[in-house]
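A.B. asks: The structure that follows is given in the form of C-alpha cells.
Chains as they are written, first to last, in the numbering used here: chain V, 31 to 881; chain R, 29 to 454.
Quick look at the structure:
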C-alpha cells in the first residue's frame with residue numbers, strides 16, 4: 031500500500047493502479063469516459079483531470095489526467111481544485127457541443143453515463159451558437175440501434191469490440207471532428223459479444239433494439255438478480271420487467287464468471303418469456319380426442335383445482351409413474367420431481383450418450399487433481415489446449431475468457447519492460463501480436479482460431495489420437511490407444527504437434543485444458559483428463575474445464591437420475607404407464623422413433639413447461655411452469671457452482687415454478703413423502719438434508735427471512751412510476767404488492783436502499799450514478815470484488831483421490847460431430863425474434879444435433 | 029562562414045550522385061566511424077556536440093539516444109526513423125535537404141543507426157514530396173550497390189536496411205508516436221509517453237525518431253568533432269541552422285546560418301526586408317504552431333532558448349511574416365482551419381476545441397462575432413494548453429491564436445464592433 035494525499039488528506043491505496051481507479055475506489059466523484067475497468071486507460075477523453083502538486087509547498091500545481099498517472103508514495107493531488115473543476119467542466123462542454131439534446135427521447139436517458147458526468151461537472155448551459163455535426167446511422171442488425179449523432183468519441187466501443195472481443199467488423203473511420211464508429215457498410219454486427227456495446231457505450235449510440243420493441247426506462251423496470259439460462263456457463267444477469275413482460279437482460283457483475291460482459295444469446299434470448307408459445311393456463315385434453323387430432327391438441331384450459339384433482343386421479347389409478355427431469359429446469363424443480371416420483375422412478379431427462387459423458391465429467395471433477403476453473407481463472411492461463419469444443423458457439427463467455435488469456439503474453443512482455451499494466455495502449459504496443467499459446471484441436475473452424483498458435487481441424491477420432499499422443503509425450507506411462515494410432519492426421523504430423531503442445535504445456539505456469547460435451551465423445555473427455563493428470567503428476571498447477579451446454583446440465587446429473595433411454599426401457603417393459611415430464615422436449619433428446627414409441631406407450635402424459643413443443647403437444651395434461659423470470663431457483667454451472675436466480679415478476683394466472691406445481695400435486699395426492707415445500711427455503715433445506723452434496727446450498731443466498739435494517743430488498747427503484755395507474759384499465763385501486771416468500775426481495779419500491787449482499791443486487795444505482803457504471807460504487811475497489819461479496823462455491827471440491835489414467839477406446843467415439851450455433855442451437859433463446867434473425871440457414875440444423 | 033549542410037546543394041540542379049558525393053568528402057564519416065569508433069563513441073561525440081533536435085522541440089539528440097537500451101541484454105531489434113513528414117505550414121527546410129543532398133541524409137542515417145545499433149531504418153516521407161522520394165530511392169539504390177547500406181556495411185559487420193515509407197499525408201504523422209503508429213499500419217494517433225519510443229517504439233522495440241535536419245548534421249559531427257560543431261554555432265547553441273523566411277518579403281528563401289542568428293539579420297538582410305508597400309506587423313518564428321513575435325523582437329537571436337525567452341518557440345526556424353495588409357484574424361483563422369482539419373480526433377480538447385475555435389474565428393472574420401467570443405477564445409486556448417491534451421498538436425495550434433489575442437486585440441474588437449473585416453472593405 032502507498033499513501034497518497036487527496037486535497038491534503040492522506041489515503042492508503044494499492045500500488046500498481048492508476049490514480050483514477052484509486053480515486054473512484056475511494057469514493058470520489060471523478061468523471062471519466064474513455065476509461066473502463068475492463069478496458070483500462072488510454073487517456074483519450076481528458077475528462078478525469080485533477081491537479082497534481084510537486085510537494086506540500088507547491089501551491090500552483092498542474093493539471094494531469096488521473097487515468098494516465100500511476101499512484102506513487104507521497105503523490106499529492108487535488109480533485110476539488112477550482113482549476114481542475116473548471117477544466118473538467120470545459121471538457122464536458124466540448125463533448126456536448128455536438129451531442130444532441132434528445133435525452134427525453136433517447137433510450138439511454140436516465141441511465142446515461144454522459145448525463146451523469148455532465149451533471150457531475152456542473153455544465154448546464156450551451157454557449158456554442160454553431161450547428162451540430164450529424165452522421166448517418168447504420169442498420170447493425172436485430173440487436174443494436176445505432177445513433178452516431180450522440181457519439182462523444184470515447185473510443186470504448188472499438189476498443190471493446192476489437193481489442194477484447196476480437197471482432198473485426200466495427201471500426202473507427204475518419205479523423206478530426208468527423209470520426210465515425212460503425213461498420214464499413216450496414217449489416218448485422220458479426221461478433222457474438224456485440225450486445226456489450228450497450229453497456230460499454232457511455233451514451234446512447236448503441237442501445238438495445240429488443241428493448242426498443244417494448245421500451246421502458248431503467249427506473250420503471252422491476253428487476254431482480256438472475257442467472258442466464260442459455261448455456262452452462264452461468265453468467266449473472268439482471269432481468270427487468272414491466273407490465274408483465276420481460277423487457278431486457280443486462281449484465282450483473284460477477285468477478286469470477288462473466289465480469290462485465292454477456293454474450294448476445296444470453297442478452298437477447300430472453301424474449302421466449304414473452305413468446306406466444308407460452309403455456310399460460312393448465313390444459314387438459316378430453317379423454318378421447320377426435321380422430322386425427324394429436325393427443326394434447328384440443329387440450330382445454332382448466333382451472334387449477336380441476337387440473338390438480340384430475341392429476342391426483344390419474345396418479346392414483348396409474349400402474350407405475352415415472353418422472354423425467356430436465357437439464358434446463360432448476361435444481362429445486364428436478365429435486366421436487368424426484369421426491370414426487372421416488373428416487374428409482376426419477377430420470378434425469380438427459381440422453382444416454384450425453385448423460386454418460388456428463389457423469390464422466392462429474393467423476394473427473396471429483397477425482398482429478400486439476401481444479402475446475404472459473405472464467406476468471408481461465409483468463410489467467412498462460413497456455414491453453416482446447417480439445418473438441420467450439421467454445422464461441424457452446425460456451426461463449428468461456429471463449430471470451432480464453433481470448434483474454436491469450437493476451438497474457440502481452441502483459442508479461444509489458445511487465446518485463448516495467449510498463450504499467452493498466453496502460454492499455456502501452457501494453458498492446460509493447461506486446462504487439464505476441465500471444466500466450468492457445469492450441470485448438472476441433473472438428474471444424476471456430477471463431478477463436480484467430481488467437482490460436484495452431485489449430486487442427488480433424489474428425490473426432492483424430493482429436494482423440496492427437497490428444498492421446500500429447501498425453502503420452504507428457505507421461506509415457508499413459509496407456510496407448512487400444513487401436514488405431516496413426517502418425518499423421520489430415521496432414522498434421524501427430525508426433526511433432528504432440529511434442530510441441532506437450533512442451534508448451536510443460537513450460538507454462540498455469541496450463542489449462544478445455545474440453546466438453548461438444549463432440550459427444552468419451553475419448554475426447556478422457557484424453558483431456560489424462561493430459562491434465564499427467565501435467566499434475568509433473569507438478570504443474572493445471573486446470574481442466576469442461577463446457578456443458580445447458581444451464582443446469584450438471585444439476586440434473588448430480589441428482590443422480592437414470593438416463594432417458596432407461597426411462598424408455600421401463601415404459602417398454604410395461605413397468606409404468608404414466609409419465610411426468612418436467613420442462614423437457616424429449617424430441618430434442620432422443621431419436622424421433624424412440625420418443626414416439628415412448629409417448630405412444632404412455633397412458634398418461636403430464637407435462638410441465640413454459641412453452642408448447644412437440645412433447646407438450648402429446649400431453650394429456652399440461653401445466654404452465656414459470657420461466658427463470660417468474661420463479662426462483664438454483665442452477666449449477668459447468669464448474670459445479672450453484673447460483674440462484676430470482677423471480678423478477680409475479681406471473682399472471684396459474685403460471686408458477688415447476689417445483690411449486692409439483693408440491694401442489696403432492697398435496698393433492700396426499701403424497702407420503704414427509705413434509706411439503708411451500709417455499710424455496712423449505713425445498714432447499716429438504717434437499718441439503720437428503721443429499722449431502724447439496725449441504726451448503728442453504729448458505730448460498732441469504733434466506734427469505736433476511737432483512738436489512740428490518741426491510742426487504744426492493745425490486746423496484748425509488749423512482750418507479752405508475753404504481754397507481756398501470757392497472758387502471760382494470761382497477762383504480764392500487765393492489766397490495768405481492769409477497770415473495772422465496773427470497774428477501776420485495777415486489778415493491780419500498781425497502782432498504784443499502785447495498786445488499788452480492789446475490790441480491792437487483793440494480794446498479796448510486797446517487798449521481800444512474801448508468802450501469804454505478805457498479806463502481808458496489809465494488810470494494812473498481813474492477814474488484816463486490817462489497818458484501820459472497821464467496822461463490824463449487825459443489826464438487828476435489829476429493830484428491832488418485833485417479834488412474836483412462837484407457838481410451840477409439841471405437842466408442844462417434845464418427846461425426848454435431849455442429850453448434852450460438853444463435854439457433856439452444857431451445858429457448860431460439861424463440862426470441864431478434865435471435866431468430868441471426869440464425870444460420872435452417873437446413874443446416876438437425877434438432878437432434880443441437881443439444 | 030561554414031555551411032556544412034548545404035555546401036553540396038546546387039539549387040535547381042540534380043543532387044550529387046554517390047560518386048560526386050564521395051568526391052566531395054562524403055561517406056568519410058561512415059568509413060571512419062565503422063573502422064575506428066564504437067557506437068558508444070558516436071553517442072558520446074553527439075552528446076558532446078550539444079546537437080539539438082531540429083524538428084521543432086530542440087531536444088538534445090545525444091540525450092534522446094541515450095535512453096535506447098544498449099549492450100548484451102538490449103533487444104536485438106531496434107529501429108531508427110527519419111521524420112521527413114514536413115508538414116508544418118511555413119516550413120520547407122527538410123525538403124531542401126532531402127532533394128538537395130540525399131546521400132548526406134543516408135550517411136547521417138547510417139551514423140545514427142550505428143550509434144543506437146539499429147538494424148532497420150525508415151524514412152517517413154511526406155506524401156507530397158514526390159521528387160524527394162524519387163531522388164532518395166535513387167541514392168538508396170546507389171548506397172546499397174556500394175555496400176554503404178545492407179548486409180555487413182563496408183565489411184564492418186554492421187548491417188542496416190533502409191526503406192522509405194511515403195505517408196498518406198496527415199500533419200499528425202509528424203508527431204513521432206503517431207508516425208510510429210502510422211508506420212505500423214494503425215491509425216495515426218499519438219501514443220502516450222511514457223513509454224518513450226526509445227524503450228517501446230516501432231513494433232514495440234526501441235526506436236529513435238529524428239528530424240531530417242538533425243540527421244544531416246551527424247556526418248559532420250563525426251568528421252569534425254564536437255568542438256568544431258560548437259564553434260560553428262552561436263552563443264547559446266551549437267551548429268548551423270537552416271532558417272527560412274516566407275511571406276511578403278523581397279527575397280523569401282532558406283539560408284544555412286549559425287545557430288542564434290538574429291531575427292533582424294534574417295528578415296532584413298537575408299530576406300531583403302519587406303516588399304514595397306508592406307510593413308511588418310508580426311512574425312511566427314518557426315512555423316504555424318509558434319506564437320507571434322512583433323517588430324519589437326527583431327533583436328532576438330534565433331536559437332531555442334532565446335526565442336523561448338521572447339515568448340515563442342523557435343520551432344522549425346522558418347519564419348512566416350505577417351504584414352500590415354493582411355488581416356490578422358483571417359490569418360489566424362486560416363491557420364486554425366488547418367489545425368482543425370489535421371487533428372487526429374483522439375482527445376477531446378483538440379477534436380472538439382479546435383473546431384469551436386475555428387468557427388468562432390470564422391464568425392468574427394465574417395462580421396458575426398460577439399464580444400464574449402474573445403473570452404471564449406482565451407478560455408479555449410487555455411484548455412488546449414500544454415499537458416491538457418494528448419499530444420502537442422493542440423497546444424501548438426493555439427499558440428498563434430493566444431499571441432494574436434495579445435498583440436492584435438484591437439483588430440478582433442474592430443471586427444466585432446464594426447461587424448466586418450476591415451481588410452475586406454478596402
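Idealized CB from N, CA, C, for every residue including glycine. Since the model is a prediction, treat every value here as computed from it, not as a measurement.
Run down chain V in chain order and give the residues with a C-beta less than 8 Å from the C-beta of residue 415(R).
C.D. replies: Against the second chain, residue 415(R) aligns to sequence position 387. Per Cβ cutoff of 8 Å: 92, 93 and 94.
A.B. asks: Restricting to runs no shorter than 3 residues, where is the beta strand (DSSP E) found entirely within the stretch 219 to 303 of chain V?
C.D. replies: 236 to 238, 252 to 257, 266 to 272 and 275 to 281
A.B. asks: Closest Cβ-Cβ distance between residue 178(R) and chain V: below 8 Å?
C.D. replies: Here residue 178(R) is taken as the residue at index 150 of the second chain, counted from 1. For residue 178(R), the nearest beta carbon of chain V is not closer than 8 Å to its own beta carbon.
A.B. asks: Given a limit of 8 Å on CB to CB distance, which residues of the stretch 741 to 754 of chain V reach chain R?
C.D. replies: none
A.B. asks: Can you give me the C-alpha to C-alpha distance between residue 130(R) and residue 265(R), rounded to a whole angstrom?
C.D. replies: Locating residue 130(R) in the second chain gives position 102, where the first residue counts as 1. Locating residue 265(R) in the second chain gives position 237, where the first residue counts as 1. Cα to Cα, the separation comes out at about 26 Å.
A.B. asks: Going by Cα to Cα distance, which pick from 364(V), 400(V) and 48(V) is closest to residue 101(V)?
C.D. replies: Walking along the first chain from the start, residue 101(V) turns up at place 71. Ranked by Cα distance from residue 101(V), the options 364(V), 400(V) and 48(V) are led by 48(V).
A.B. asks: Got a sec: is the Cβ-Cβ distance from residue 537(V) to anything in chain R below 8 Å?
C.D. replies: Taking the first residue of the first chain as 1, we reach residue 537(V) at position 507. Against chain R, the CB of residue 537(V) has no partner CB under 8 Å away; the residue lies outside that interface.
A.B. asks: Using a 10 Å radius around the Cβ and a threshold of 16 neighbouring Cβ atoms, would you call residue 217(R) buried or exposed?
C.D. replies: Position 189 of the second chain, counted from the first residue, corresponds to residue 217(R). The residue is buried, with at least 16 neighbouring Cβ atoms inside 10 Å.
A.B. asks: Quick one: residues in its chain with C-beta nearer than 7 Å to the C-beta of residue 579(V), no 5 flanking neighbours on either side, listed in chain order?
C.D. replies: Position 549 of the first chain holds residue 579(V). Here the set comprises 261, 262, 424, 547 and 881.
A.B. asks: Suppose you measure from the CA of residue 183(R) to the CA of residue 532(V); what does that come to, to the nearest Å?
C.D. replies: To locate residue 183(R), count along the second chain from 1; it is residue 155. To locate residue 532(V), count along the first chain from 1; it is residue 502. Rounded to whole angstroms, the separation of the alpha carbons of residue 532(V) and residue 183(R) is 44 Å.
A.B. asks: Listed from N- to C-terminal order along the chain, which residues in the stretch 117 to 150 of chain V have their beta-carbon within a distance smaller than 8 Å of any beta-carbon of chain R?
C.D. replies: 117, 120, 121, 124, 125, 127 and 128
A.B. asks: Should the stretch 122 to 139 of chain R be called in touch with the stretch 41 to 61 of chain R, which here means at least 3 C-beta pairs below 8 Å?
C.D. replies: yes
A.B. asks: Given that a residue counts as buried once 16 or more other Cβ atoms are within 10 Å of its Cβ, and exposed if not, what is residue 810(V)?
C.D. replies: To locate residue 810(V), count along the first chain from 1; it is residue 780. Exposed.
A.B. asks: Identify each residue in the stretch 372 to 383 of chain R for which the Cβ-Cβ distance to at least one residue of chain V is less than 7 Å, and report them in chain order.
C.D. replies: 372, 373, 374, 375, 376, 377, 379, 380, 381 and 383
A.B. asks: Going by DSSP in three states, residue 799(V) sits in which element: helix, strand or coil?
C.D. replies: For this step, residue 799(V) is matched to residue 769 along the first chain. Reduced to three states, the DSSP call for residue 799(V) is strand.
A.B. asks: Should residue 206(V) be labelled buried (16 or more other beta-carbon atoms within 10 Å of its own) or exposed?
C.D. replies: Sequence index remark: in the first chain, residue 206(V) carries index 176 (1-based). Residue 206(V) comes out buried.
A.B. asks: Suppose only complete runs of 4+ residues qualify. What are the alpha helix (DSSP H) ranges in the stretch 351 to 403 of chain R, listed by chain order?
C.D. replies: Whole alpha helix (DSSP H) segments, 4+ residues: 356 to 370 and 382 to 393.
A.B. asks: Determine whether the beta carbon atoms of residue 314(R) and residue 288(R) lie at a separation below 8 Å.
C.D. replies: Along the second chain, one-based indexing puts residue 314(R) at 286. Along the second chain, one-based indexing puts residue 288(R) at 260. Their beta carbons are not under 8 Å apart, which means residue 314(R) does not touch residue 288(R) by this criterion.
A.B. asks: Just list the alpha helix (DSSP H) runs in the stretch 135 to 208 of chain V, keeping only unbroken ones of 4 residues or longer that don't cross its boundaries, in chain order.
C.D. replies: 143 to 151
A.B. asks: Under 8 Å, with one C-beta from each stretch per pair, do the stretch 283 to 295 of chain V and the stretch 225 to 243 of chain V reach the 3-pair mark?
C.D. replies: yes
A.B. asks: Residue 82(R) touches chain V at which residues, Cβ-Cβ below 8 Å?
C.D. replies: Residue 82(R) sits at position 54 when you count from the first residue of the second chain. Those within 8 Å of residue 82(R) in chain V number zero; the least Cβ separation is about 26 Å.
A.B. asks: For a contact meaning CB atoms closer than 7 Å, what does residue 160(R) contact in chain V?
C.D. replies: As a first step, residue 160(R) is located in the second chain; it is residue number 132 there, counting from the start. Neighbours of residue 160(R) across chain V, judged by C-beta separation under 7 Å, do not exist; the nearest C-beta is about 25 Å away.
A.B. asks: Residue 86(R) to residue 239(R), Cα distance in whole Å?
C.D. replies: In the second chain, the residue the question calls residue 86(R) occupies position 58. In the second chain, the residue the question calls residue 239(R) occupies position 211. Across the structure, residue 86(R) and residue 239(R) are spaced so that their CA atoms are roughly 10 Å apart.
A.B. asks: Straight-line CA distance for residue 326(V) to residue 659(V)?
C.D. replies: For this step, residue 326(V) is matched to residue 296 along the first chain. For this step, residue 659(V) is matched to residue 629 along the first chain. Reliability of the predicted coordinates at residue 326(V) is poor, the pLDDT of 49 falling under 50, and the value obtained from them is presented with this limitation in mind. Distance between the alpha carbons of residue 326(V) and residue 659(V): 26 Å.
A.B. asks: The stretch 414 to 447 of chain R: which residues have C-beta closer than 8 Å to a C-beta of chain V, in chain order?
C.D. replies: Cβ contacts with chain V come from 415, 416, 417 and 418.
A.B. asks: Strictly below 8 Å CB to CB, what residues from chain V border residue 450(R)?
C.D. replies: Taking the first residue of the second chain as position 1, residue 450(R) is located at position 422. The contacting residues do not exist; residue 450(R) stays about 23 Å from chain V at best.
A.B. asks: Would you mind stating whether residue 696(V) and residue 706(V) have Cβ atoms separated by less than 8 Å?
C.D. replies: Translated into the one-based positions of the first chain, residue 696(V) becomes position 666. Translated into the one-based positions of the first chain, residue 706(V) becomes position 676. Contact flag set, yes.
A.B. asks: Check distances from the C-beta atoms of the stretch 228 to 256 of chain R to those of chain V and list, in chain order, the residues that come in under 8 Å.
C.D. replies: 228, 231 and 232
A.B. asks: For chain V, find out if any of its Cβ atoms is closer than 8 Å to the Cβ of residue 154(R); answer yes or no.
C.D. replies: Residue numbering aside, residue 154(R) sits at position 126 when the second chain is read from its first letter. Output row for residue 154(R): interface = no.
A.B. asks: Consult DSSP for residue 325(R) and reduce its assignment to one of helix, strand or coil.
C.D. replies: Residue numbering aside, residue 325(R) sits at position 297 when the second chain is read from its first letter. Helix at residue 325(R).
A.B. asks: For residue 307(V), count neighbouring Cβ atoms within 10 angstroms of its own Cβ and tell me buried if that reaches 16, exposed if not.
C.D. replies: As a working mapping, residue 307(V) is identified with position 277 in the first chain. Exposed.
A.B. asks: Please list the residues of the stretch 202 to 215 of chain V that have a C-beta atom closer than 8 Å to any C-beta atom in chain R, keeping them in chain order.
C.D. replies: Of all residues in the stretch 202 to 215 of chain V, 202, 204, 205, 206, 207, 208 and 209 have a Cβ within less than 8 Å of some Cβ in chain R.
A.B. asks: Could you name the residues of the stretch 400 to 412 of chain R whose beta carbon sits closer than 9 Å to any beta carbon of chain V, in the order they occur along the chain?
C.D. replies: Answer in chain order: 400, 404, 407, 408, 410 and 411.
A.B. asks: With a threshold of 8 Å between beta carbons, is residue 220(R) in contact with chain B?
C.D. replies: Checking the listed chains, one finds no chain B in this structure; the protein chains it contains are V and R.
A.B. asks: Among the candidates 348(R), 362(R), 204(R) and 73(R), whose CA atom is the shortest distance from the CA of residue 223(R)?
C.D. replies: Locating residue 223(R) in the second chain gives position 195, where the first residue counts as 1. The residue with the shortest Cα to Cα distance from residue 223(R) is 204(R).
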